[in-house]
Amino acid sequence: MPDSNQLKVIRDDLLASIGEDANVPALGVAVAKVVQLASSDDEAVRNLAYFIMSDVGLAQKILRVANAACFRTNTGTPVTTISKAIFMLGFDTVKTCALGMLLVDKLSGNRAASVRAELTHALSASIFGRELSRRGQYKDAEEAAVAALFRNMGRVLLASHGHALYEQIDNMISEGVAPHQAVLRVLGCSFEMLAQSVMAEWEMPESIVQAQQPLPAGTLRPPRNRQEWVQQVAAFSSAAAELVAQGGGTPEAHAALLTRFGKALEVDQDSLQQWMETVTEEVDVVAGQAKLFRPAAKSGQNSAPTVQRSGELAGKEDALAGLLLADEAQEAAQIVERHPSGKPVNARELLMAGVQDAMEMMASGRCKLNDLLMLALETLYRGMGFRFATVCLKDVRTNHYRARIALGENNAARQAGFAFPVSDARDLFQLAMSNDADLLISDASEPKIRDLIPLWHRALLPDARSFIVLPLVVQKKPLGFFYADRALPALEGVPSDETGMIKMLKGQVVAALNTPPR
């Protein structure tokens, strides 16, 4: 067995290897951004949607997960926007799913079988954590699901950046050495300490870092405070995920888990069984979209090997296919072809899906105006293929229209500059607002159009060649407008069926603006 100095060298080399991986710093920045979002923050849903939509691959995976059978709504209509996915699945579900996808994208390339097995364990743990956090007594309880996701980070990092050490530990466990003893003999520290050191580098919230601390042995007492609760949820979730990896575990394993955590977290056999079924179904969907598999068993458990044979993987893919919406339903969510302007050929279908999403959101009785604005903006942005889109609302204090939400290219800078005073000037924007007239400009370079474009717009968006302005007018009072543009003319125009969908979408927002808050 190496002495303390040798173990320190081993740990330092491992941490150096992790630090030298170009993917890890970028992962740390992305993870920190998402983790800091709290569901109680009014801007959180918007910021989470921004983050996901900025990564096309991540957005596609989240949409496919949202369209899985286990998340499908009663209407059966496909989910085509990230805003609807967040509204339907819940903020915490999409947040932890996005975090899991980020980990997979950046870490699953090395030593695929073992790393992906550990990442699948982490995804399973996050779903257990989410289920427990929904029953939690604390505000922003989804933090526990995030802590559960990272509970396995030590094993993930070792599998991806120190695979020989990972195999050495697993071999010792297979020979009967206790897991914590095996890790100490090889690394001189616990997996939790390894994870904490890296998470601290990522500037993760201290409560999540501290939640990785090991718990006392034996039956646990009810948590005395929020931090203890998060720590217990993370530990329970990781232990329960271990049972999922074994195909559900034995009755004895269930009893042992409940003996340790049942009283502290108020979990009984019925709850555990229900969660096991939920996690098993959902992790198959999420892992399938992340190009992972749910391992039959993890090392040291004297059961089937982690690496599945090709036939077993094919069976898993067949099972996954049954969980997803039919191909024709999925196609409604996909942009299959574009006009030269960038506008999707199937714009009508994409707009119709957005209108249906807005109707469902409003009918739910829990629709917030900001959520509806975001969904409508995302529908216009994606459905019409714009490069920039924003919602502007009137600031009654300054008598200016200001951009409140923006999507697309350079959205932050353009949102900051997108403001102008209310006036009687005869430009496109003031005329649209005063007449409540929807403007669909196919080619802004035409002289009669160009002469009506105000100076502030020419300075901010000099290359805008096609754009729309959709006033939001309630009881003859202009409150704001949607604006979206492209850098190319839209010579294909906007046919009447698409125009009708756009007006319906705008009408839903106007109706919400006209509804007194409850």
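In this note's numbering, the protein residues as written are 1067 to 1584.
Even glycine gets a Cβ: it sits at the ideal position worked out from N, Cα and C.
Predicted model only: the values in this text are computed from it and were never measured.
Query                                                                                                                                                                         : Result
Quick check: the Cα distance between Asp-1350 and Met-1219, rounded to an integer number of angstroms?                                                                        : 20 Å
Report the option in Ile-1515, Asn-1501, Ser-1500 whose CA atom is closest to the CA atom of Ile-1507.                                                                        : Ile-1515
Can you find the residues in the same chain that come closer than 8 Å, C-beta to C-beta, to Ala-1305, ignoring five residues on each side of it along the sequence?           : Leu-1323, Arg-1326, Phe-1327
Drop a sphere of 10 angstroms on the beta-carbon of Pro-1537, count the other beta-carbons inside from all chains shown, and report buried for 16 or more, exposed for fewer. : buried
Just to confirm before moving on: does the CB-CB distance between Val-1345 and Val-1296 stay below 8 Å?                                                                       : no
Out of Val-1539, Pro-1528, Cys-1255, state which residue places its alpha-carbon closest to the alpha-carbon of Asn-1071.                                                     : Cys-1255
Apply the 10 Å Cβ neighbour rule to Ser-1199 and answer buried if 16 or more other Cβ atoms are within range, or exposed otherwise.                                           : buried
I'd like to check one pair, Ala-1244 with Ile-1235: are the Cβ atoms closer than 8 Å?                                                                                         : no
According to DSSP, is Ala-1363 helix, strand or coil?                                                                                                                         : Note that Ala-1363 scores a pLDDT of 47, beneath 50, so its modelled location is shaky and nothing firm can be said.
In this structure, does DSSP put Ile-1515 in helix, strand or coil?                                                                                                           : helix
Does DSSP put Cys-1647 in a helix, in a strand, or in coil?                                                                                                                   : Residue numbering for the chain in the displayed model covers 1067 to 1584; residue 1647 lies beyond these limits and cannot be assessed.
Could you check whether Gly-1195 and Ala-1214 sit closer than 8 Å to each other, using their CB atoms as the reference points?                                                : yes
Using alpha carbons as the reference points, say which of Asp-1334, Trp-1522, His-1187, Lys-1150 lies closest to Glu-1426.                                                    : Lys-1150
Can you grab the Cα-Cα spacing for the pair Tyr-1204 / Val-1333, in whole Å?                                                                                                  : 17 Å
Once you ignore the five residues that flank Met-1119 on each side, which residues in its own chain have a CB closer than 6 Å to its CB?                                      : Ala-1125, Ile-1148
Between the C-alpha atoms of Asp-1437 and Ile-1519, what's the straight-line distance to the nearest angstrom?                                                                : 30 Å
Quick check on the DSSP output: the alpha helix (DSSP H) that includes Asp-1336 runs from which residue to which?                                                             : 1335 to 1355
Is it true that the CB of Arg-1480 sits closer than 8 Å to the CB of Phe-1454?                                                                                                : yes
Answer with buried or exposed for Glu-1318, where buried requires no fewer than 16 other C-beta atoms within 10 angstroms of its C-beta.                                      : exposed
Among Leu-1331, Met-1259, Gln-1276, Pro-1280, which has the Cα closest to the Cα of Arg-1287?                                                                                 : Leu-1331
Just to confirm before moving on: does the CB-CB distance between Leu-1505 and Leu-1521 stay below 8 Å?                                                                       : no
Could you compute how far the alpha carbon of Ser-1376 sits from the alpha carbon of Gln-1293?                                                                                : Only weak support is given to the placement of Ser-1376: the predicted model assigns it a pLDDT of 33, under 50, and the value that follows is read from those uncertain coordinates. The straight-line gap from Cα to Cα measures roughly 43 Å.
Taking 7 Å as the limit between beta carbons, can you name the residues of its chain near Val-1132, skipping five residues before and five after?                             : Checking the sequence shown, residue 1132 turns out to be Ala, not Val. Counting only Cβ-Cβ distances below 7 Å, and skipping sequence neighbours, we find Val-1145, Ala-1151, Met-1154, Leu-1155.
Could you check what DSSP says for Lys-1542 in three-state terms: helix, strand or coil?                                                                                      : coil
Put Met-1570 into one of helix, strand or coil per three-state DSSP.                                                                                                          : helix
If you check the beta carbons only, do Ile-1193 and Glu-1308 fall under 8 Å apart?                                                                                            : no
Starting from the N-terminal side, write out each stretch of the alpha helix (DSSP H) that is 4 residues or longer and does not extend beyond the segment 1187 to 1259.       : 1209 to 1216, 1219 to 1227, 1229 to 1240, 1245 to 1253
Give me the residue from Val-1539, Phe-1157, Pro-1528 with the minimum Cα distance to Ala-1503.                                                                               : Val-1539
Please determine, among Ala-1191, Leu-1169, Leu-1223, Glu-1558, the residue with the shortest C-alpha to C-alpha distance to Phe-1302.                                        : Ala-1191
Output needed for Leu-1035: all residues of its chain with C-beta closer than 8 Å, excluding positions within five of it in sequence on either side, in chain order.          : As displayed, the chain neither begins before 1067 nor continues past 1584, which places residue 1035 out of reach and without an answer.
Assign Pro-1280 to one of two classes, buried (16 or more other C-beta atoms within 10 Å of its C-beta) or exposed (fewer than that).                                         : exposed
By Cβ distance below 7 Å, which residues in the same chain neighbour Ala-1424 in space, the five residues on each side in sequence not counted?                               : Leu-1438, Leu-1441, Ala-1442, Leu-1571, Gln-1574
Does DSSP put Ala-1498 in a helix, in a strand, or in coil?                                                                                                                   : helix
In the DSSP assignment, what residue or residues form a beta bridge with Asp-1551?                                                                                            : Phe-1454, Phe-1533
Please determine, among Asp-1171, His-1466, Gln-1340, the residue with the shortest C-alpha to C-alpha distance to Glu-1197.                                                  : Gln-1340
How many angstroms separate the CA atom of Ala-1550 from the CA atom of His-1523?                                                                                             : 12 Å
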